[in-house]
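Peer 1: Encoded as structure tokens, here's the structure I'll be asking about.
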Amino acid sequence: MVTPEGLNEPQAEAVAHVAGPLVVFAGAGSGKTRVITYRIANLVAQHGVAPWRILAVTFTNKAAAEMRSRVEKLVGAELGREVWVGTFHATCARVLRRWGSAVDVPQSFVIYDTQDQRTLVNRILKELQLDDKRYPARAMLGRIGKEKQELRGPGSMNTASYDDEIAAKVFARYQEHLKAAGAVDFDDLIVKTVELLQGESADAKQLRRRFEHVLVDEFQDTNFAQYTLLRLLSSERQNLFVVGDDDQSIYRWRGADIRNIRSFTADFPGARMVKLEQNYRSTGAIVRAALGVIEPSLGRVPKELWTANDPGDPIEVISVRDERDEATIALRIVRESREAGHDLREIAIFYRVNAQSRVLEEALRAERIPYQVVGGAKFYERAEVKDALAYARAIVNSRSDVDVLRIVNVPARGIGQTTMDRVVAGADEQRISVWDALSDDAALAALAPAARKRIAAFVQVMLGLRKETEQMAPSDALEHILGRVGYVDMLKQDGSVEAEGRLENLRELVGSARDFEGQDAQPTLALFLERVSLQSDTDDLRDQGKVTLMTVHAAKGLEYDTVVMSGMEEDMFPYRSLDPSRDHDVEEERRLAYVAVTRARRRLVLTHASERQVFGSSRMGRPSRFINDIPADVRRHSQTEAMRVATRFVDRPPPSSGGFDRARAVAPWRHPTSAGGPPSSARPSSPPPSAEPGSRFVDREFFDDVPEGEAMPRVKRGMLVKHEVFGEGRVLAVEEASDPKVVAAFPGWGEKRVLLRFLRLA
DNA sequence: ATTCCTGCCTTTTTT
DNA sequence: AGGCAGGAAT
């Protein structure tokens, strides 16, 4: 059944929902954004809800922009503009900018990113004289973040061990520093807003009543703090409308709690539930592949994803030799697509981790195929950009120590480490900001006169800049600052290619400030800085005529006609599944694979390499278990020429040695789901007459041209291998046999002859 | 004070 | 492989 607006029954039900809590389980490609935007339009147009009393929250700026534009299309720009649409972080920043003073967040607050956080923690470790080996900043911040996501402060966290006590101490000092700096980190944006809303101030009361309707996208990715925020914002009327898909929950590592969506109806007795199960996006084969991947997942809310679309073509699974071979395949897909007259914008290449993009990029560049990389090396994290922003932030908010320390000697002003160490120690002692210490003669009394003079000059420059830029547009201010402090001159004098690139980046930064001025009603420098902090490169619009490269995480919420998923190997995807020391979460990896598969509309290509460079050293890989989970009748296997050559070269023994059983030789690499049990006589392995001896595995479906392109370990003399007991060793010889052996030298053990299947590539 | 070198450690994934 | 922190050399 379809309504006049073209909605199916459950969609229409969700859209028509007016009051009370409701959870929508929205399968991939089931039209959830449509449901949210239509519902907002419905509330405004049919139920006379004031647009500014509606809040719609997303996780990414991109989703927010998309939602806003669609709402404006439905209800008109004038009303649409009034709706509060934004990410969790941007929404909170907006609230805090206005009402944050009640929770010690000044109007001019700055947002510390991960780098800033680390700088600050490192300083605290020094201050508290803690060993940064034993208490690495990264780990400390991980802990602090975790606590914040659970809304615990340094005083309320669980301190069972000595290390916990240390963490609490660092945490406490960290918060003090943030407060003194007038800064917040990403988690604080949520935490502070929650604090504000929990308060009894008039502002808090008003805010709790402000929103008649709260709508949330990607609800499965909320953490406890975010969930609490939503409950507070909707506490008055309970009009909380959440949309998500527990199968697509992929952010547990940053605190997302899948139970928020799975237990929604338990948390809100009387809440309604709607399931969107019809997929409009993908071919039948792709939907079936996706189901195959997600079905083994545990604890799912039962859903029946289906599609009325054509079955389409099978999923292409391609065995490649290594990452370069893989890039060649990606190129081939792109070329085919282009020759068929498709826009390159409709092609995406996915990978599990950003590091995989390099080889793909090189290949695309060599072939002059236009591409864009989403995420990865982030523009706003480049040193020169951070420097420029640090100047701006130090001018807007001089209490921000991290920024002042960053730029105090860039370009070099003769204010060195020793000098600054003393200043910082003094500032810590007196509990004043670094800036205050620098501008206070008494605080500098212990310094050499020459150093004091240079510091005084720096302070004067900064004070001058604050005055001069006060009335300037952000772009002009940035330009002025960079010129005045000699930053541009420094780069120009350098003259190197890198310096040229840095100048270009700074021009781009100024350009982005100019863009901002065109968009915002009140383009102040502070607001520009805020936007920069909350902006990720992921938010760029899709360029015409360009292939897109990105991680699967970045791909969530997007769709492409053609998707190439690279690196479909065990230990790559699922990531680190072979590392027993890590508490990897294969469940989450599975959901991530589901996300990847469901991005494709028409064509899905999976590649897996038998060998790959990781951290500089070569590593072998077997196909990902997720490939096996795709129903055999919707996948088609093949291998590249390079792969064919490689396997022939290594695996086919000379005729005289006869009957080398390949299937057995690779057994330990081949069956990720069965724990190491080698395929034995239980699996009859007599090859069909047409095939070459030993060229088939019997537990697989094969098609026309498929000479079984499994990933093969290619152990050769000189390779570094790893043994459970002997550790790492160098291969000296390989003995072909039905169960091949390897002679290798293990430091501390000498030469050992071991079965190949007990080795892994080091 | 600056620059260069070396050794370590990294890598999920993002606001 | 690459980036970054700490240390040595200039």
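Each residue of the first sequence is one higher than the one before, starting from 418 at the first, in our numbering. The beta-carbon is built from N, C-alpha and C at its ideal position, and this holds for glycine as well.
1) The alpha helix (DSSP H) with glutamate 1023 in it runs from where to where?
2) Taking just the CA atoms, how far does valine 949 sit from tyrosine 797?
3) Have a look at isoleucine 583 and valine 819 and give me their C-alpha separation to the nearest angstrom.
4) Would glycine 1038 pass as a contact of arginine 1052 if the rule is Cβ separation under 8 Å?
5) Could you spell out where the alpha helix (DSSP H) holding glutamine 910 opens and where it closes?
6) With 16 other CB atoms within 10 Å as the buried threshold, where does leucine 613 fall?
7) Please list the terminal residues of the continuous beta strand (DSSP E) segment that includes tryptophan 670.
8) Along the chain, where does the alpha helix (DSSP H) containing leucine 537 start, and where does it finish?
9) In whole angstroms, what separates the C-alpha of arginine 1016 from that of glutamine 939?
10) List the whole-angstrom C-beta distance separating glycine 843 from alanine 854, where the pair is believed to meet the contact cut-off of C-beta under 8 Å.
11) How many Å lie between arginine 1065 and glutamate 1058 at the Cα?
12) Do you know how far the Cα of phenylalanine 628 is from the Cα of proline 468?
13) When burial is assigned at 16 or more other CB atoms within 10 Å of the CB, is leucine 1009 buried or exposed?
14) In angstroms with no decimal places, state the Cα-to-Cα distance between alanine 702 and glutamine 637.
15) Start and end of the alpha helix (DSSP H) containing valine 466?
16) What distance in whole Å lies between the Cβ atoms of serine 447 and glutamine 695, which are believed to be in contact at a cut-off of 8 Å?
17) DSSP state of valine 827, grouped into three classes?
18) Quick check: what's the CA-CA separation for glycine 1093 versus threonine 724?
19) Report yes if the CB atom of threonine 642 is closer than 8 Å to the CB atom of isoleucine 607, and no otherwise.
20) Name the one or two DSSP bridge partners that threonine 968 has.
21) For serine 1091, does the three-state DSSP call read helix, strand or coil?
22) Could you pull out every residue in the same chain whose Cβ sits closer than 7 Å to the Cβ of serine 1180, ignoring the five residues on either side in sequence?
23) Is glutamine 877 helix, strand or coil by DSSP?
24) For histidine 434, does the three-state DSSP call read helix, strand or coil?
25) Do arginine 669 and aspartate 1002 have their C-beta atoms within less than 8 Å of each other?
26) Compare the Cα-Cα distances from leucine 966 to each of Ala811, Asn922 and Ala747 and report the closest residue.
27) What number of angstroms, rounded off, separates the C-alpha of tyrosine 1011 from the C-alpha of arginine 883?
28) Using 10 angstroms around the beta-carbon of tyrosine 591, count the other beta-carbons present and answer buried if the total reaches 16, otherwise exposed.
29) Please work out which residues of its chain come closer than 7 Å, Cβ to Cβ, to lysine 692, disregarding the five sequence neighbours upstream and downstream, and give them in chain order.
30) Could you check whether the stretch 914-925 touches the stretch 474-494, counting it as contact only if at least three pairs of C-beta atoms, one from each stretch, sit closer than 8 Å?
31) Based on the DSSP output, what are the partners of methionine 690 in its beta bridges?
32) Taking the alpha-carbon positions, what's the aspartate 663 to threonine 420 distance?
33) For isoleucine 750 and threonine 979, which I take to be in contact (beta-carbon distance under 8 Å), what is that distance rounded to the nearest angstrom?
34) Residue ranges of each beta strand (DSSP E) run of no fewer than 3 residues wholly in the stretch 468-531, ordered along the chain?
35) Candidates Leu899, Gly444, Ser736 and Val461: which alpha carbon is nearest glycine 493's?
36) Do methionine 690 and threonine 682 have their C-beta atoms closer together than 8 Å?
Peer 2: From the atom records:
1) Per the sequence presented here, residue 1023 reads as leucine, with glutamate not at that position. Not the alpha helix (DSSP H): leucine 1023 falls in the beta strand (DSSP E), residues 1017-1026.
2) 7 Å
3) 22 Å
4) no
5) 904-911
6) buried
7) From DSSP, tryptophan 670 is part of no beta strand (DSSP E); its letter is neither H nor E.
8) 531-544
9) 38 Å
10) 6 Å
11) 10 Å
12) 10 Å
13) buried
14) 26 Å
15) From DSSP, valine 466 is part of no alpha helix (DSSP H); its letter is neither H nor E.
16) 6 Å
17) coil
18) With a pLDDT of 32 at glycine 1093, under the threshold of 50, the modelled position of that residue is not reliable, and the figure given next carries that caveat. Approximately 37 Å, taken between the alpha carbons.
19) This sequence places alanine at residue 642; threonine is not what is there. A contact, by the Cβ cut-off of 8 Å.
20) Tyr768
21) Because serine 1091 carries a pLDDT of 31, less than 50, the predicted location of this residue cannot be relied on, and no value is offered for it.
22) With the chain covering 418 to 1179 only, the question about residue 1180 has no answer from this structure.
23) helix
24) coil
25) yes
26) Ala747
27) 51 Å
28) buried
29) Pro427, Phe442 and Lys720
30) no
31) Val440
32) 27 Å
33) 7 Å
34) 471-475, 501-504 and 527-529
35) Val461
36) yes
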